[in-house]
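Visitor: Just so we're on the same page, the working numbering is the position in the sequence shown counted from 1, plus 175.
By construction, the Cβ of each residue, glycine as well, lies at the ideal position given by its N, Cα and C atoms.
It should be emphasised that the depicted structure is a prediction, and the values quoted were computed from it without experimental measurement.
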Amino acid sequence: MTTHAPRVFSGMQPTGNLTLGNYLGALRNFVALQERDFERLYCVVDLHAITVAQDPATLARATREVAAAYIASGLDPERSIIFNQSRVSAHAELGWIFTCVARMGWLNRMTQFKEKAGKNRENASVGLFSYPTLMAADILAYRATHVPVGEDQKQHLELTRDIAAKFNNDFNVPDFFPLPEPLIQAETARIMSLRDGRNKMSKSDPSDMSRINLTDDADLIAQKIRKAKTDPEPLPSEAEGLAERPEALNLVGIYSALSGRSVADILAEYGGQGFGAFKPALAEMTVTKIAPIGEEMRRLMQSPDEIDAILADGAERAAALARPVLREVYETLGLTGGGSAR
Ligand code: TYM
Numbered sequence: 176m177t178t179h180a181p182r183v184f185s186g187m188q189p190t191g192n193l194t195l196g197n198y199l200g201a202l203r204n205f206v207a208l209q210e211r212d213f214e215r216l217y218c219v220v221d222l223h224a225i226t227v228a229q230d231p232a233t234l235a236r237a238t239r240e241v242a243a244a245y246i247a248s249g250l251d252p253e254r255s256i257i258f259n260q261s262r263v264s265a266h267a268e269l270g271w272i273f274t275c276v277a278r279m280g281w282l283n284r285m286t287q288f289k290e291k292a293g294k295n296r297e298n299a300s301v302g303l304f305s306y307p308t309l310m311a312a313d314i315l316a317y318r319a320t321h322v323p324v325g326e327d328q329k330q331h332l333e334l335t336r337d338i339a340a341k342f343n344n345d346f347n348v349p350d351f352f353p354l355p356e357p358l359i360q361a362e363t364a365r366i367m368s369l370r371d372g373r374n375k376m377s378k379s380d381p382s383d384m385s386r387i388n389l390t391d392d393a394d395l396i397a398q399k400i401r402k403a404k405t406d407p408e409p410l411p412s413e414a415e416g417l418a419e420r421p422e423a424l425n426l427v428g429i430y431s432a433l434s435g436r437s438v439a440d441i442l443a444e445y446g447g448q449g450f451g452a453f454k455p456a457l458a459e460m461t462v463t464k465i466a467p468i469g470e471e472m473r474r475l476m477q478s479p480d481e482i483d484a485i486l487a488d489g490a491e492r493a494a495a496l497a498r499p500v501l502r503e504v505y506e507t508l509g510l511t512g513g514g515s516a517r
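Set out below in structure tokens:
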């Protein structure tokens, strides 16, 4: 049973170019949720970005660029609260408190830390290790009930639920925090690299040819799809035939997600044909859907003051929602004075 009003929270890191994976796995769903009966907060998580080294000017620009991507994709700053994390102090405050709720053992299991720290664990920042506790604070500062994300964030969401449950239990405040549900769109939960169908499409991949960036122009998008890795077989006529063919599966999946057509329908048309026939159709579909977003982002980026005004307004609305929650958290813990939320 939950007594919490339906509320959506999600975020993206301002680290490098956003990709088609970010768009299909998350951003497009942020926009779709505007048609549903939720209150919505969409954050640019700049405090998460500094868990690895960032050039300050680049970070400031990337933060505005993610906000521009949100708006260019169809988020309406009136209907959804758009802001960057560092403008609302509740995130950092609750993040610290959750660092004291979460257990070392829980964080030790996080696969994303293992991947990101690699062999250089001793030299990773403490923030990179405790990253998921800040993510839990992002969500729970607003008592958000639903979190649209791609597959790679599922484990962090499970940790968020564990933190919420432990807090509610330790301080004997049943249902104080909701246990938020991930909203993961199965078909687009993992968009894969164009160079290797077994790896996720990622902004941190050293090869730019492995991904479509939202800011790529039409020619570059078409070129990347033309050069995308494939196998020599023609496309199968039925979906089962894609099972052991990760690159073909990924490209057909992208076409399906962008066109709104089912995989069966696409294979009924292209089954038996080689990629020479399919790739131009995929390139055209991707250009039609993605290039206009990049164009709109470039236009918005010419008015950084307007973006900043949207972020400042969003932050004010977000802070007003977080303040009473934080005040209650401080009281619950016996921290007198209510912190910055007093
Ligand atoms: P980030 O910035 O890495 O990615 C943003 C969103 O894009 C999704 N995504 C993908 N989905 C499908 N296929 C892909 N190849 C792909 N690549 C990225 C991610 O799953 C994510 O939903 N920790 C988060 C940011 C965050 C957050 C939060 C999210 C911080 N606080 C609170 C939700 C709620 C992250 O690093 O996402």
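Locate the alpha helix (DSSP H) running through Y306, then write down its first and last residues.
Guide: Here the alpha helix (DSSP H) through Y306 covers V301 to L315.
Visitor: Any heavy atom of ligand 1 within a distance shorter than 8 Å of the CB on G469?
Guide: G469 Cβ: outside cutoff for every heavy atom of ligand 1.
Visitor: Can you give the Cα-Cα distance for S248 and D371, rounded to whole angstroms?
Guide: In a straight line, the C-alpha of S248 is about 27 Å away from that of D371.
Visitor: Chain D beta carbons: is any one of them nearer than 9 Å to that of S478?
Guide: Any reference to chain D falls outside this structure, which holds one protein chain only.
Visitor: Does DSSP classify G325 as helix, strand or coil?
Guide: Three-state DSSP puts G325 in coil, outside helix and strand.
Visitor: Shorter than 8 Å, the distance from the beta carbon of D288 to the closest heavy atom of ligand 1, or not?
Guide: In the sequence as presented, Asp is not what sits at residue 288; that position holds Phe. No - ligand 1 has no heavy atom lying nearer than 8 Å to the Cβ of F288.
Visitor: Can L486 and V219 be called in contact, C-beta distance under 9 Å?
Guide: Yes.
Visitor: Grab the span of the alpha helix (DSSP H) containing L457 for me, first residue to last.
Guide: Here the alpha helix (DSSP H) through L457 covers F450 to M476.
Visitor: Give the range of the alpha helix (DSSP H) segment to which L395 is assigned.
Guide: It spans A393 to R401 - the alpha helix (DSSP H) in which L395 sits, taken as one unbroken run.
Visitor: Within 10 Å of its beta-carbon, does Q188 have 16 or more other beta-carbons around it, so buried, or fewer, so exposed?
Guide: When all chains shown are included, Q188 counts as buried.
Visitor: Is it the case that the CB of C218 approaches a heavy atom of ligand 1 more closely than 8 Å?
Guide: Indeed, a heavy atom of ligand 1 lies less than 8 Å from the Cβ.
Visitor: In whole angstroms, what separates the C-alpha of S377 from that of T194?
Guide: S377 and T194: Cα-Cα distance of roughly 7 Å.
Visitor: Between the C-alpha atoms of V468 and Y317, what's the straight-line distance to the nearest angstrom?
Guide: It should be pointed out that residue 468 corresponds to Ile in this sequence rather than to Val. So the two alpha carbons sit approximately 29 Å from each other.
Visitor: Return the Cβ separation of L202 and A244 in integer angstroms, given the expectation that the two are a contact with Cβ distance under 8 Å.
Guide: Yes, they are in contact, since the Cβ atoms of L202 and A244 sit about 7 Å apart, within 8 Å.
Visitor: Does the Cβ of R239 have 16 or more other Cβ atoms within 10 Å, making it buried, or fewer, making it exposed?
Guide: By the neighbour-count rule (16 or more Cβ atoms within 10 Å), R239 is buried.
Visitor: Ignoring anything shorter than 3 residues, give me the beta strand (DSSP E) runs that lie fully in the stretch 334-415, in order along the chain.
Guide: Listed in chain order, they are 356-358.
Visitor: L395 to V227, Cα distance in whole Å?
Guide: So the alpha carbons of these two residues sit roughly 29 Å apart.
Visitor: Starting from the C-beta of D251, find all residues in its chain whose C-beta is less than 7 Å away, skip the five residues before and the five after it, and write them out in chain order.
Guide: Cβ within range, chain order: Q209.
Visitor: Going by the CB atoms, is the gap between L389 and Y505 shorter than 9 Å?
Guide: Their beta carbons are not under 9 Å apart, which means Y505 does not touch L389 by this criterion.
Visitor: If you check the beta carbons only, do T335 and V348 fall under 9 Å apart?
Guide: Cβ atoms of T335 and V348: not closer than 9 Å.
Visitor: Are E413 and L442 closer than 9 Å when you measure CB to CB?
Guide: Yes; because the gap between Cβ atoms is below 9 Å, this pair is in contact.
Visitor: Below 8 Å on the Cβ atoms is my contact criterion, and I expect P357 with K329 to pass it. Report the Cβ-Cβ distance as a whole number of Å.
Guide: The Cβ separation is near 6 Å, so the contact holds.
Visitor: What does the Cβ neighbour count give for A339, buried or exposed, with the cut at 16 atoms within 10 Å?
Guide: A339 is buried by the Cβ-count criterion.
Visitor: To test your reading of the DSSP string, which unbroken alpha helix (DSSP H) runs of 4 or more residues are found completely within the stretch 213-252?
Guide: Counting whole runs of 4 or more residues, the stretch 213-252 contains the alpha helix (DSSP H) stretches 221-224 and 231-247.
Visitor: In chain order, what residues of the same chain lie with their CB nearer than 6 Å to the CB of G489, ignoring the 5 residues before and after it?
Guide: Answer for G489: I256, I257 and F258, listed in chain order.
Visitor: Helix, strand or coil for M285 per DSSP?
Guide: Three-state result, M285: coil.
Visitor: V500: which of R215, A319 and V183 sits nearest, CA to CA?
Guide: For V500, the nearest C-alpha among the options comes from A319.
Visitor: Count the other C-beta atoms from every protein chain shown that fall within 10 angstroms of the C-beta of L216, then say buried if there are 16 or more, exposed otherwise.
Guide: So L216 ends up on the buried side.
Visitor: With a threshold of 8 Å on Cβ separation, who are the neighbours of G518 within its own chain once the five nearest residues in sequence on each side are excluded?
Guide: This structure does not reach residue 518, given that the chain is present from 176 up to 517, and the question cannot be answered.
Visitor: Between E333 and P307, what straight-line distance do the alpha-carbon atoms span, to the nearest angstrom?
Guide: Using only the alpha carbons, I get a separation of about 10 Å.
Visitor: Return helix, strand or coil for T190, following the three-state DSSP convention.
Guide: If DSSP states are grouped into helix, strand and coil, T190 belongs with coil.
Visitor: With DSSP as the reference, please indicate the residues paired to V183 in a beta bridge.
Guide: In DSSP, V183 forms a bridge with R215 and H321.
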